[in-house]
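K.L.:
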Amino acid sequence: MSSMQHIVELTSDLIRFPSMHSRPEQISRCAGFIMDWCAQNGIHAERMDHDGIPSVMVLPEKGRAGLLLMAHIDVVDAEDDLFVPRVENDRLYGRGANDDKYAVALGLVMFRDRLNALKAAGRSQKDMALGLLITGDEEIGGMNGAAKALPLIRADYVVALDGGNPQQVITKEKGIIDIKLTCTGKAAHGARPWMGVNAVDLLMEDYTRLKTLFAEENEDHWHRTVNLGRIRAGESTNKVPDVAEGWFNIRVTEHDDPGALIDKIRKTVSGTVSIVRTVPVFLAADSPYTERLLALSGATAGKAHGASDARYLGENGLTGVVWGAEGFNTLHSRDECLHIPSLQSIYDPLMQLAREMEEHAAV
Numbered sequence: 001m002s003s004m005q006h007i008v009e010l011t012s013d014l015i016r017f018p019s020m021h022s023r024p025e026q027i028s029r030c031a032g033f034i035m036d037w038c039a040q041n042g043i044h045a046e047r048m049d050h051d052g053i054p055s056v057m058v059l060p061e062k063g064r065a066g067l068l069l070m071a072h073i074d075v076v077d078a079e080d081d082l083f084v085p086r087v088e089n090d091r092l093y094g095r096g097a098n099d100d101k102y103a104v105a106l107g108l109v110m111f112r113d114r115l116n117a118l119k120a121a122g123r124s125q126k127d128m129a130l131g132l133l134i135t136g137d138e139e140i141g142g143m144n145g146a147a148k149a150l151p152l153i154r155a156d157y158v159v160a161l162d163g164g165n166p167q168q169v170i171t172k173e174k175g176i177i178d179i180k181l182t183c184t185g186k187a188a189h190g191a192r193p194w195m196g197v198n199a200v201d202l203l204m205e206d207y208t209r210l211k212t213l214f215a216e217e218n219e220d221h222w223h224r225t226v227n228l229g230r231i232r233a234g235e236s237t238n239k240v241p242d243v244a245e246g247w248f249n250i251r252v253t254e255h256d257d258p259g260a261l262i263d264k265i266r267k268t269v270s271g272t273v274s275i276v277r278t279v280p281v282f283l284a285a286d287s288p289y290t291e292r293l294l295a296l297s298g299a300t301a302g303k304a305h306g307a308s309d310a311r312y313l314g315e316n317g318l319t320g321v322v323w324g325a326e327g328f329n330t331l332h333s334r335d336e337c338l339h340i341p342s343l344q345s346i347y348d349p350l351m352q353l354a355r356e357m358e359e360h361a362a363v
């Protein structure tokens with residue numbers, strides 16, 4: 001069986017775990033499966049859990065790697081049938097096929113292949129450049145996964161296998177500001193609405209005002225955006241709601257000042273603004289390894305509207321990019337899939353880069 005076939009087979013095994021945050025025991029079981037797989041393949045791995053979130057570190061030596069690949073085993077919620085993998089027309093379908101279980105399998109098979117080659121030459125895991133960090137909470141912000149594990153690892157270069165495609169290496173990702181807007185009106189009976197103030201009306205008026213701060217449009221949409229994703233108001237249809245809450249997802253670029261934007265939002269709306277979460281913009285620092293990866297892959301540098309655990313690289317003094325196989329932008333959908341032929345286009349350049357790092361370290 002070829003390495004690519006092994007990756008597809010292992011990805012399929014991982015997809016079968018419904019590792020959603022609504023089922024945390026499945027995330028833990030999936031991490032346990034990976035630890036067992038490593039042991040069966042003669043690979044030393046370490047697991048750590050923080051507030052119930054597992055991280056698996058597969059490194060040449062404790063706390064060190066030349067080339068660190070990052071991936072995650074947690075997935076967004078899905079129906080049971082999406083955890084039954086299937087292959088059709090060179091595509092592997094299933095929840096996590098593209099985001100991000102193929103990347104876990106790719107990294108593990110790469111590590112096994114390189115370790116076997118070194119063992120055949122009388123060397124060991126300690127002689128490798130390649131390392132893996134597999135986490136269990138990227139989909140909810142990575143606070144107990146990458147945020148806790150990366151400070152324990154020194155790496156020359158990091159590739160977060162969680163975005164991009166074989167033709168595009170991501171060097172910029174938008175930042176995130178999640179806010180809650182609370183509007184307070186006056187309760188009244190539904191039969192006498194004129195005696196109350198409907199808080200939903202106030203929320204919608206604030207939303208209209210808020211959108212004026214996000215009016216910029218350009219062809220590539222590299223500008224700040226806002227999405228009203230959730231609303232909560234009222235208890236029954238025969239009562240004028242006195243409180244309405246809206247949760248907004250804001251994406252910002254390197255050209256935005258998050259603090260100034262939040263101040264502007266508070267001055268624009270009548271309701272109360274609470275900050276739920278902030279994620280910094282990811283900007284890849286200059287690195288000769290990025291240039292080498294682009295040369296080996298034939299890819300170009302690009303940018304992404306989404307976010308990944310690459311957000312934690314800068315604060316830990318690490319340099320890297322986001323890259324990955326082809327999924328045709330199907331992540332989080334019922335049609336989520338991996339384009340199987342694209343695996344080779346990721347595997348080969350990363351393996352070559354790892355070899356070159358080993359050779360440089362041996363000089």
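The sequence shown begins at 1 in full-length UniProt numbering and counts up one residue at a time.
Idealized CB from N, CA, C, for every residue including glycine.
No experiment lies behind these values; they were computed from the predicted model shown.
1. Quick one: grab the DSSP three-state call for PRO193.
2. Check for me: the alpha helix (DSSP H) holding TYR347 runs from which residue to which?
3. Could you pull the start and end residues of the beta strand (DSSP E) that SER55 belongs to?
4. At the level of alpha carbons, what is the spacing between ARG154 and THR268?
5. Are there 16 or more other CB atoms within 10 angstroms of the CB of ILE275, so buried, or fewer, so exposed?
6. So, under 8 angstroms CB-CB, LEU10 and ALA105 are touching, yes? Tell me the CB distance rounded to an integer number of Å.
7. Beta-carbon separation of VAL109 and GLY94 under 8 angstroms?
8. Measuring only the C-alpha atoms, how far is ASP49 from ALA146?
9. Enumerate, from N- to C-terminal direction, the unbroken alpha helix (DSSP H) stretches of 4 or more residues contained entirely within the region 112-189.
10. Go to GLU205, then tell me how far its alpha helix (DSSP H) extends in each direction, as first and last residue.
11. Where do the ends of the beta strand (DSSP E) carrying MET20 lie?
12. Report yes if the CB atom of VAL240 is closer than 8 angstroms to the CB atom of ALA304, and no otherwise.
13. Indicate the three-state DSSP secondary structure (helix, strand or coil) for SER69 in the structure shown.
14. In the DSSP assignment, what are the bridge partners of ARG64?
15. When the distance is taken between beta carbons, is GLY163 closer than 8 angstroms to GLY306?
16. Could you tell me which of ASN198, ASP80, LEU296, LEU130 sits nearest to GLN167, measuring between CA atoms?
17. List the DSSP bridge partners of ARG47.
18. Quick one: grab the DSSP three-state call for residue 368.
19. Going by beta carbon distance, what residues of the same chain come within less than 7 angstroms of SER28, once the five residues before and after it are set aside?
20. Grouping DSSP H, G and I as helix and E and B as strand, with all else coil, what is GLU291?
21. Where does LEU296 fall in DSSP's three states?
22. Find out if the Cβ-Cβ distance for the pair THR272, ILE177 is shorter than 8 angstroms.
23. According to the neighbour-count rule (16 or more other Cβ atoms, all chains shown, within 10 Å of its Cβ), is GLY66 buried or exposed?
24. Any idea which residues DSSP pairs LYS303 with across the strands?
25. Roughly how many whole angstroms lie between the Cα atoms of LEU69 and LEU202?
26. I'd like the list of long-range same chain contacts for ARG112, defined as Cβ closer than 6 angstroms, with 5 residues on each side in sequence excluded.
27. Can you tell me whether ARG277 is helix, strand or coil according to DSSP?
28. Assuming VAL322 contacts THR290 under a Cβ cut-off of 8 angstroms, what Cβ separation, rounded to an integer in Å, is found between them?
29. Exposed or buried, what is ASN98 when buried is set at 16 or more other beta-carbons lying within 10 Å of its beta-carbon?
30. Out of curiosity, what's the CA-to-CA distance linking LYS186 and ASN227?
31. Going by DSSP, what residue range makes up the beta strand (DSSP E) through LEU92?
32. Please report the distance separating the alpha-carbon of GLU254 from that of LYS211.
33. Cβ-heavy atom distance between GLY136 and the ligand NAD below 7 angstroms?
34. Return the CA-CA distance between THR208 and ILE179, expressed in angstroms with no decimal places.
35. I'd like to know if the region 121-134 and the region 278-288 are in contact, where contact means that at least 3 CB-CB pairs between them fall below 8 angstroms.
36. Only counting the same chain, and skipping five residues up and downstream in sequence, which positions put a Cβ closer than 6 angstroms to that of ILE250?
P.N.:
In terms of the structure at hand:
1. helix
2. 343-362
3. 53-58
4. 44 angstroms
5. exposed
6. 4 angstroms
7. no
8. 11 angstroms
9. 146-149
10. 199-211
11. That residue, MET20, is in no beta strand (DSSP E); it is neither H nor E in DSSP.
12. no
13. According to the sequence provided, residue 69 is Leu. The question's Ser does not apply to it. Looking at LEU69 - three-state DSSP - the assignment turns out to be strand.
14. GLU61, ARG154
15. yes
16. LEU296
17. VAL56
18. An answer regarding residue 368 cannot be provided, because it is not within the stretch 1 to 363 covered by the chain.
19. PRO54
20. helix
21. helix
22. no
23. buried
24. LYS172
25. 47 angstroms
26. ASN41
27. strand
28. About 11 angstroms separates the two Cβ atoms, so there is no contact after all.
29. buried
30. 26 angstroms
31. 91-93
32. 20 angstroms
33. No copy of the ligand NAD occurs in the structure displayed, which carries no ligand at all.
34. 16 angstroms
35. no
36. ILE177, VAL226
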